[in-house]
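> Line order of the protein sequences matches chains S and A.
For the first sequence, my numbering assigns the number 1281 to the initial residue and increments by one for each residue that follows.
For the second sequence, my numbering assigns the number 24 to the initial residue and increments by one for each residue that follows.
Mind looking over this structure? Questions follow.
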Amino acid sequence: MGRDSRDRIKMKAEKKKLVEVRNLKKYFPGTEVSIFQTGNDVKAVDGVSFDVYEQETLGLVGETGCGKTTVGRTMLHLYQPTAGNIIFDGVDLNDLGERELRFARSKMQMIFQDPYASLNPRMTVGSIVGSPLDVHTDQSRKEKRERVQELLDIVGLNPDFVNRYPHEFSGGQRQRIGIARALALNPDFVVCDEPISSLDVSIQAQVVNLLEDLQKKLGLTYLFIAHDLSMVRHISDRMAVMYLGKIVELADRDEIFLNSLHPYTQALMSAVPVPDPDLAETKHRIILDGDIPNPSNPPLGCNFNTRCPLATDVCFIEEPEYREVNDKHWVACHLVK
Amino acid sequence: MTPLLEIKNLKTRFYTQDGVVRAVNDVSYTMDSGEILGVVGESGCGKSVHALSMMQLIPYPPGKITNGEVWLDGQDLLTLNEEEMQKVRGRDIAMIFQDPMTSLNPVFTIGFQITEALLLHNDMTKREAKDRAGELLELVGIPGAKDSLDDFPHQFSGGMRQRAMIAMGLSCEPKLLIADEPTTALDVTIQAQIIDLVKKLQEELGMAIMWITHDLGVVAELAHTINVMYAGSIIETGQIHNIYKETKHPYTIGLLGSLPRLDDAPGTELVSIPGLPPDLLALPEGCPFAARCEYRIEKCLIEKPPLVGINGKDHSVACWRWEEIAGIGSK
């Protein structure tokens, strides 16, 4: 990707860039085949670059194992990147020492997927939500307690619940506790890692509406990771589609839904079931063959070539460049002119 | 035509330390042969438990079917003993489970697991059964079907495992195939493959399918009729077009409203249903949805509305005020 094109975006964008991700890679070591030989590294994230603008929601979608969660975690340096830079609010996280990184993390928080696994069952709601305050501030107990109650109120829970334990809450309520914890330090940037996929449909809508409300009220910036395309479309301003460790397409939400260019994005969109029998009958559906290849041994050339209905010779030889084809519409495909 | 399956007043209870969980409450409906029925509802609404009850797969204790009849082809399944029931399971009714990772036995080959049912229910030699198993895997679109008979489940991907489960379900050509959230654990592109496959197989083989899911989108692609369940009861049922286009029950309206759609105008706010489903340990007297319903009147809190036909067999709803609410739901 050229420096120029990046600068051009910068000029066009009115909003400030909050997070810049540059050629990020995260490989996990392969499993041991024998004592002399380890398997190939698993290339969970293999060179992704994108920006997140202030107060926007960037949706990140893709199927299981495409590396979307790893991107989210590496962005907060919860995983040390194998290569590449994360520039948060003008500061490269690679340049920070442990102590500075810890401080920087107070500005970026995460909401986890599973509200059952991400809350310690032995801690009260008050101490769960208050633990970021213990680590990062020297507030008095009384101040902390007030802040925790305020947070519970913000996320729509009764502030008197501070002394209860997670098992006393339903899935949706637990996710609210997780959100309150993420908000405790007034972060600028929140990575939402599939925050609703383990919730029931009617509860999902409650949580998504809450996230949207909070964004408006507190001026938050979200990276919203999910596999549910219709929900991502609902909440995002822009969307990135990942496949096998790479971003294949990134554009404004409506652009990506109405005018998607990458064959994988097109197949993904067409595979989403619509709750409308008339539309379901008339809709043209692209059904992809086969499964996602193993990320420790991705195919040569374009990594989608094993399933792509349109693949040509060049797709098996050369890796497509990730480039801006239209205004703010990025795609990695040989077939897009 | 007599229906293939007729369920009458099915009630299932779980007797736990905390009290009686009323999981299935007076469920009655019929299914014709060749019909694809979608059973929709959120977790804990009784959709899986009612299917397990039909198969007598409810563990006792604590579970117990306290009332009801399940007629399949002129036979009440609930009067059968365990031995007779074993002949029904797999041969007349087969079931596919949600998680293909846990419902296949990791220490036996795929081929062995498919032939198991074939050998049990049919008079077949091992060789015949193995050939048939190969055919079945081919039918569900597993590449190199004959060779993968000797593979173990861990050598299959999630989508392939679910295909193998479907092959297993189809092995004895059941009259009714119950699929309990078969695509929930799969990715959308793989889900699209499986839905496509099931539709094709249904047209070819003509069996009835009961598709249990929480995803109203999947059902819209697949089903002919739908049962919407809430807190152990069917609250709305009918032909698919009636359910999606002439939605009557406030819960179904809310459920459809809480789904974002790819064709929504930007900025549409999701309609969320306030509150939580009721505790099955302490179900309210009246309509189970009353506590969350914006249209509730006093009667809703006192008396449970019966499921009444509003368009003959094509559409029934359990709500006291459906006539007044009608119209609001059609989006």
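Heads up, the beta-carbon is just placed ideally off N, CA and C, and yes, glycines get one too.
Remember, predicted model here, so these are calculated numbers, not experimental data.
DSSP state of Val221(A), grouped into three classes?
DSSP places Val221(A) in helix when its eight states are reduced to three.
> Would you report the Cα separation of Gly1581(S) and Ile165(A), rounded to the nearest angstrom?
Cα to Cα, Gly1581(S) sits roughly 26 Å from Ile165(A).
> Rounded to whole angstroms, what is the Cα-Cα separation between Gly240(A) and Asn265(A)?
About 15 Å.
> Sorted by chain position, which residues of the same chain lie with C-beta nearer than 8 Å to Leu1509(S)'s C-beta, five sequence neighbours on each side aside?
So the qualifying residues of the chain are Val1341, Leu1548, Met1549 and Val1552.
> Please tell me whether Asn250(A) and Thr236(A) are closer than 8 Å, where the distance is taken between their beta carbons.
Contact flag unset, no.
> Under 8 Å Cβ to Cβ from Gln121(A), same chain only, skipping five residues before and after it: list those, please.
Closer than 8 Å at the Cβ level, and outside the excluded window around Gln121(A), lie Asp203, Glu204, Pro205, Thr207 and Ala208.
> Quick one: what does DSSP say Glu321(A) is sitting in, helix, strand or coil?
Three-state DSSP puts Glu321(A) in a helix.
> State whether the segment 1295–1313 of chain S contacts the segment 1352–1368 of chain S, with contact taken as three or more CB pairs (one from each stretch) at a distance under 8 Å.
Contact between the segment 1295–1313 of chain S and the segment 1352–1368 of chain S is present, because at least three Cβ pairs lie under 8 Å.
> If you draw a straight line from the alpha carbon of Arg184(A) to that of Val1351(S), how long is it in whole angstroms?
Approximately 28 Å between the Cα atoms of the pair.
> Under 8 Å, with one C-beta from each stretch per pair, do the segment 1381–1395 of chain S and the segment 1352–1360 of chain S reach the 3-pair mark?
As far as the Cβ criterion goes, the segment 1381–1395 of chain S touches the segment 1352–1360 of chain S, which means the pair count is three or higher.
> Please give the ranges of any beta strand (DSSP E) in the segment 255–320 of chain A, keeping only runs that are unbroken, at least 3 residues long and fully inside the region.
256–262, all fully within the segment 255–320 of chain A.
> Decide if the segment 95–102 of chain A is in contact with the segment 141–156 of chain A; the criterion is three or more beta carbon pairs, one per stretch, under 8 Å apart.
In short, these stretches do not touch, since the Cβ pair count stays below three.
> Just reading off the alpha helix (DSSP H) that Lys336(A) is part of, what are its end residues?
Element bounds for Lys336(A): n/a, residue is neither H nor E.
> Using a C-beta cutoff of 8 Å, does Asp1480(S) count as contacting chain A?
Yes, Asp1480(S) counts as interfacial toward chain A.
> Have a look at Glu1448(S) and Glu65(A) and give me their C-alpha separation to the nearest angstrom.
C-alpha separation (whole angstroms): 20 Å.
> So is Leu1491(S) in contact with chain A if we call contact Cβ pairs under 8 Å?
Taking Cβ atoms only, chain A never reaches closer than 8 Å to Leu1491(S), which makes this a no.
> Strictly under 8 Å for the Cβ-Cβ distance: is Ile263(A) near chain S by that measure?
Yes, Ile263(A) lies at the interface with chain S (some Cβ there is under 8 Å from its Cβ).
> How about His1614(S): is its C-beta nearer than 8 Å to some C-beta of chain A?
It does not: the Cβ of His1614(S) has no partner Cβ on chain A nearer than 8 Å.
> Under the three-state reduction of DSSP, which class applies to Leu1498(S): helix, strand or coil?
Note: Leu1498(S) maps to helix in three-state DSSP.
> Return the CA-CA distance between Asp1331(S) and Lys1297(S), expressed in angstroms with no decimal places.
Cα to Cα, the separation comes out at about 6 Å.
> Who are the Cβ neighbours of Val43(A) in its own chain at under 6 Å, not counting the five residues just before and after it?
So the list reads Arg36, once near-sequence residues are dropped.
> When you compare only the Cα positions, how much space is there between Leu28(A) and Ile201(A)?
Each residue's Cα considered, the two are about 12 Å apart.
> From this set, His1416(S), Val1616(S), Glu1492(S) and Ile1408(S), which residue's C-alpha is nearest Glu1380(S)'s C-alpha?
If we check each option's Cα against that of Glu1380(S), His1416(S) comes out closest.
> In the structure shown, what three-state DSSP assignment does Val1442(S) receive?
The answer is helix: DSSP assigns Val1442(S) an H, G or I state.
> Considering Ile165(A), what are the terminal residues of the beta strand (DSSP E) in which it resides?
First-last for Ile165(A): undefined, no H or E at that position.
> Under 8 Å: do the segment 1514–1532 of chain S and the segment 1593–1611 of chain S share three or more Cβ pairs, one atom per stretch?
Yes, they touch.
> Is there a Cβ of chain A sitting closer than 8 Å to that of Gln1486(S), yes or no?
It does; some Cβ of chain A falls within 8 Å.
> Give me the residue from Tyr1307(S), Ser1407(S), Arg1444(S) and Val1299(S) with the minimum Cα distance to Asp1372(S).
Nearest of Tyr1307(S), Ser1407(S), Arg1444(S) and Val1299(S) to Asp1372(S), Cα basis: Val1299(S).
> Based on the DSSP output, what are the partners of Val251(A) in its beta bridges?
For Val251(A), which the question treats as bridged, DSSP gives the partners Val63(A) and Glu259(A).
> Between Thr212(A) and chain S, is there a C-beta pair that is closer than 8 Å?
Closer than 8 Å: yes.
> Could you run through the segment 1582–1598 of chain S and flag, in chain order, every residue whose CB is less than 7 Å away from some CB of chain A?
Residues passing the 7 Å Cβ filter: none.
> DSSP state of Tyr1544(S), grouped into three classes?
Helix.
> Would you verify that the beta carbon of Gly69(A) is, or is not, closer than 8 Å to some beta carbon of chain S?
Not closer than 8 Å to any Cβ of chain S, the Cβ of Gly69(A) fails to qualify, so no.
> Run through DSSP, which three-state label would Asp1618(S) get?
With chain S represented from 1281 up to 1617, any question about residue 1618(S) goes unanswered, as that position is not in the structure.
> Quick one: which residues of the segment 230–246 of chain A get their C-beta closer than 9 Å to a C-beta of chain S? List them in chain order.
Listed by position, the residues of the segment 230–246 of chain A near chain S (Cβ gap below 9 Å) are His237, Asp238, Leu239, Gly240, Val241, Val242, Ala243, Glu244, Leu245 and Ala246.
> Which residues bound the alpha helix (DSSP H) around Glu107(A)?
That run of the alpha helix (DSSP H) goes Glu105 to Val111.
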